[in-house]
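To start, the structure itself, in structure tokens.
Number of protein chains: 2
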Amino acid sequence: MKTTVAAGIDIGGTNTAFGLVNAEGTLLFQSVFPTPDTPEELVQNVFKVLSTAIATSNYQLVGVGIGAPNGNFYNGTIEFAPNLKFTGIVPLAAMFQEAFGVSAVLTNDANAAAIGEMQFGVAKGMNNFVVVTLGTGLGSGFVCNGNVLYGHDGFAGELGHTIYDYEGRLCGCGRKGCLETYCSATGIVRTCQEWLAKETTASVLRNLSTLTAKSIADAAAQGDELALKAFEFTSMVLGRALADTVAITSPEAIILFGGLANAGDLLAIPLKHHLEANLLHIFKNKVKVLRSNLKEADAAILGAASLIWHAND
Amino acid sequence: MKTTVAAGIDIGGTNTAFGLVNAEGTLLFQSVFPTPDTPEELVQNVFKVLSTAIATSNYQLVGVGIGAPNGNFYNGTIEFAPNLKFTGIVPLAAMFQEAFGVSAVLTNDANAAAIGEMQFGVAKGMNNFVVVTLGTGLGSGFVCNGNVLYGHDGFAGELGHTIYDYEGRLCGCGRKGCLETYCSATGIVRTCQEWLAKETTASVLRNLSTLTAKSIADAAAQGDELALKAFEFTSMVLGRALADTVAITSPEAIILFGGLANAGDLLAIPLKHHLEANLLHIFKNKVKVLRSNLKEADAAILGAASLIWHAND
Chain A
2 MKTTVAAGID
12 IGGTNTAFGL
22 VNAEGTLLFQ
32 SVFPTPDTPE
42 ELVQNVFKVL
52 STAIATSNYQ
62 LVGVGIGAPN
72 GNFYNGTIEF
82 APNLKFTGIV
92 PLAAMFQEAF
102 GVSAVLTNDA
112 NAAAIGEMQF
122 GVAKGMNNFV
132 VVTLGTGLGS
142 GFVCNGNVLY
152 GHDGFAGELG
162 HTIYDYEGRL
172 CGCGRKGCLE
182 TYCSATGIVR
192 TCQEWLAKET
202 TASVLRNLST
212 LTAKSIADAA
222 AQGDELALKA
232 FEFTSMVLGR
242 ALADTVAITS
252 PEAIILFGGL
262 ANAGDLLAIP
272 LKHHLEANLL
282 HIFKNKVKVL
292 RSNLKEADAA
302 ILGAASLIWH
312 AND
Chain B
2 MKTTVAAGID
12 IGGTNTAFGL
22 VNAEGTLLFQ
32 SVFPTPDTPE
42 ELVQNVFKVL
52 STAIATSNYQ
62 LVGVGIGAPN
72 GNFYNGTIEF
82 APNLKFTGIV
92 PLAAMFQEAF
102 GVSAVLTNDA
112 NAAAIGEMQF
122 GVAKGMNNFV
132 VVTLGTGLGS
142 GFVCNGNVLY
152 GHDGFAGELG
162 HTIYDYEGRL
172 CGCGRKGCLE
182 TYCSATGIVR
192 TCQEWLAKET
202 TASVLRNLST
212 LTAKSIADAA
222 AQGDELALKA
232 FEFTSMVLGR
242 ALADTVAITS
252 PEAIILFGGL
262 ANAGDLLAIP
272 LKHHLEANLL
282 HIFKNKVKVL
292 RSNLKEADAA
302 ILGAASLIWH
312 AND
């Protein structure tokens, strides 16, 4: 008998990770490549790799689950995603459905990560939590009363596009001062770029040809003053935004995920401080700040595949 | 046979409105008095009025539903309510239960209003919306996937205590710049007080012994420049906060309720403008801004009573 599998695809601003997952949540196959410039190319490339893997292992594909920035669960579309090169409204679920000949379900990438954490990660048994993905942008997936919050339009969870500073940095969405222009892997790079230009502080970052969240974290770990200040600033901005988010949704935990979260305590310790400092009295010392314990790409792939395996939960 | 009724009690920073509601949602009796300084006095006064009404009309009381600021649904308590004179944690549901000898359920006042709107008001048939009460403070009740959002702690919906300005006005909660210090019946009074002190603009508000949201609305309706500017400013602040709220929860509608909402188009028209101006692209021209069509106190009383009648929906 063939092993039935669901495909889980996590489309990010930089990379697309995907894999095959069985009903027990075991990742049987996975792969990753840079996210292509067009949706057609994306579907074609994923199809090529997965159909070969399916054929060679004698699997039977039952469905395709997709997590993507600006993903709309209700319509199966990606709509005006500022961090992808895809333009306008892309009917990606339908495109995958056509390619593979099985049903395809799409949701926001952060929602997929939240489902992954709830099924297999640190959010097991939690009914109210939020996953914050700190990658190219800032994504968020809210679980309320045990269900992913999609909202009326299917677009709930755009925390990255709440405004931190109305006169602030230009955002890919066309507005100014969105949270993700400060709090994301890209955001902390912009912060350092700004300060390197403005200040004369000595910093190892001045010697780097390319600044990345990783190189800033490395510099901070070595005690670089400017890099440490960048983590302090990023944590303050994120702590304030999360304190407001707690006031609205009262989660049990905030789960950090993605590139910038890999900085670990460099981010988590000042973040916890600023979150507590800004929380309304009744929420103080109640909200856990956790890091995903799933491997970088796994939560999102498993979460995306869960859209198929747990469609009727 | 006796008519079975549930008591619905809406505790506000200024007044407490309460009544008796049958299973069909008809308000059979209602009354209102200024909210007393202690919970004991509150329970005693409500008990006196309702037990008389019940006895004279031959009703049978099946339960007591309570809406209150900082109300915790899970614990039946009011906790550290900045807009009430009650201090600390008050086990109000237990106190009502003891007085009446029937079960009592308590929730946030704005949640009670949201339930009232969903059962009997403009939110009939909606699964995702938010009720914003603009009274002494700013309360909010979120309905997500057809259920009131209580969150992990039972305190979700404290939109009034998200921060608008970190260097801003002192709030009753002890922090600075909370949204409700700007956007509430009290907030617009503070705005006018500040400007009357700072500016020399002629205004009919200078001749009033007491400023209220109502007197400011009356002045604005007569074309008073300062009063109109206060509505414009309040709408801008609220529009920005609601745009962020939409990004997180993606509601079908925002329903305005309470003292300041009675200003009607004076608030609603500039609010709609500022909301749209601040919304992320994907949410533009989708979110309805509605006014409650229930009588001032009715939605909250009916909503509170619904906690009993629809406890197992």
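Protein chains in written order, with this note's numbering: chain A, 2 to 314; chain B, 2 to 314.
The beta-carbon is built from N, C-alpha and C at its ideal position, and this holds for glycine as well.
Worksheet item: Span of the alpha helix (DSSP H) holding A:N294?
Response: Premise fails: A:N294 is in no alpha helix (DSSP H) and is neither H nor E.
Discussion item. For the alpha helix (DSSP H) containing A:I116, name the first residue and the last one.
Written reply: D110 to F121
Item to complete: Just the C-alpha distance for A:I55 and A:N129, rounded to the nearest angstrom, thanks.
Response: 36 Å
Item to complete: List the residues of chain A whose Cβ lies closer than 9 Å to the Cβ of B:S251, in chain order.
Response: L150, Y151, G152, H153, D154, G155, F156, A157, G158 and E159
Worksheet item: Can you check whether the CB of B:S204 is closer than 9 Å to the CB of B:D225?
Response: yes
Item to complete: Could you check what DSSP says for A:Q61 in three-state terms: helix, strand or coil?
Response: strand
Worksheet item: CB-CB under 6 Å to B:T15, same chain, minus the five flanking residues each way: which ones, in chain order?
Response: T137
Fill in: Nonlocal neighbours in the same chain, by C-beta distance under 6 Å from A:V106, ignoring five residues either side
G66 and L308
Discussion item. Pairs of beta-carbons, one from the segment 117-129 of chain B and one from the segment 80-94 of chain B, closer than 8 Å: are there three or more?
Written reply: no
Worksheet item: Around the Cβ of B:F74, are there at least 16 other Cβ atoms within 10 angstroms (buried) or fewer (exposed)?
Response: buried
Item to complete: Return the chain-ordered list of same chain residues with a C-beta closer than 7 Å to the C-beta of B:G173, the five sequence neighbours on each side being excluded.
Response: P83 and N84
Worksheet item: Roughly how many angstroms lie between the CA atoms of A:T163 and A:C193, to the nearest whole one?
Response: 22 Å
Discussion item. With H, G and I counted as helix, E and B as strand and the rest as coil, what does DSSP make of B:N313?
Written reply: Low confidence applies to B:N313: its pLDDT is 49, below 50, so where it sits in the model is not reliable enough to give any reading.
Discussion item. Using only CA atoms, which one of B:T53, B:A18 and B:M96 lies nearest to B:E41?
Written reply: B:M96
Practice prompt. Using the Cα positions of A:A69 and A:L29, report the straight-line distance between them to the nearest angstrom.
Written response: 21 Å
Worksheet item: How many whole angstroms separate the CB atoms of A:A214 and A:F232, which I take to be in contact at a CB cut-off of 8 Å?
Response: Actually they are not in contact, since the Cβ atoms of A:A214 and A:F232 sit about 10 Å apart, beyond 8 Å.
Worksheet item: Checking contacts by CB at 9 Å: is A:S141 closer than that to chain B?
Response: yes
Worksheet item: What does A:P67 pair with, by DSSP beta-bridge criteria?
Response: Note that residue 67 of chain A corresponds to Ile in the displayed sequence, not to Pro. DSSP output for A:I67 lists A:I10 and A:L107 as bridge partner(s).
Worksheet entry | Contact check, A:A305 vs A:I79, beta carbons under 9 Å | no
Discussion item. Starting from A:V205, trace the beta strand (DSSP E) in both directions and tell me its first and last residue.
Written reply: Run containing A:V205: none; DSSP gives neither H nor E here.
Discussion item. Once the 5 residues before and after B:P37 are set aside, which same chain residues still bring their CB inside 7 Å of it?
Written reply: L43 and N46
Practice prompt. Determine the chain A residues that contact B:D245 at a beta-carbon separation under 8 Å, and present them in chain order.
Written response: T163, I164 and D245
Fill in: Own chain residues within Cβ distance below 7 Å of B:G260, not counting five before or after
L135, G136, A186 and A214
Discussion item. Judging by CA-CA distance, which residue of A:V247, A:L229, A:L227 and A:E159 is the nearest neighbour of A:N112?
Written reply: A:E159
Worksheet item: Does DSSP put A:G142 in a helix, a strand or coil?
Response: strand
Discussion item. As an exercise, report each continuous alpha helix (DSSP H) stretch of at least 4 residues that is fully enclosed by the segment 233-295 of chain A, in chain order.
Written reply: 266-279
Discussion item. So with CB distances below 9 Å, who are the chain B contacts of A:E80?
Written reply: H282 and I283
Worksheet item: If you measure from the beta carbon of A:G66 to each beta carbon in chain B, is any gap under 9 Å?
Response: no
Worksheet entry | B:K287: contacting residues in chain A (beta-carbon distance under 7 Å) | D154
Practice prompt. Give the straight-line distance between the Cα atoms of A:E181 and B:A264, rounded to the nearest whole angstrom.
Written response: 36 Å
Worksheet item: Is the number of C-beta pairs between the segment 236-243 of chain B and the segment 268-288 of chain B that are closer than 8 Å three or more?
Response: yes
Worksheet entry | For B:S185, the three-state DSSP class (helix, strand or coil) | coil
Worksheet entry | Where A:G175 meets chain B, residues with beta-carbon distance less than 8 Å | H282
Item to complete: Taking C-beta pairs closer than 8 Å, name the residues in chain B that A:A115 reaches, listed in chain order.
Response: What A:A115 touches in chain B: nothing, since even the nearest Cβ is about 14 Å away.
Discussion item. For B:L20, which residues in the same chain have their Cβ closer than 6 Å to its Cβ, ignoring the five residues on either side in sequence?
Written reply: This sequence places Gly at residue 20 of chain B; Leu is not what is there. Excluding positions up to five away in sequence, the list reads G9, L28, F30, Q31 and I302.
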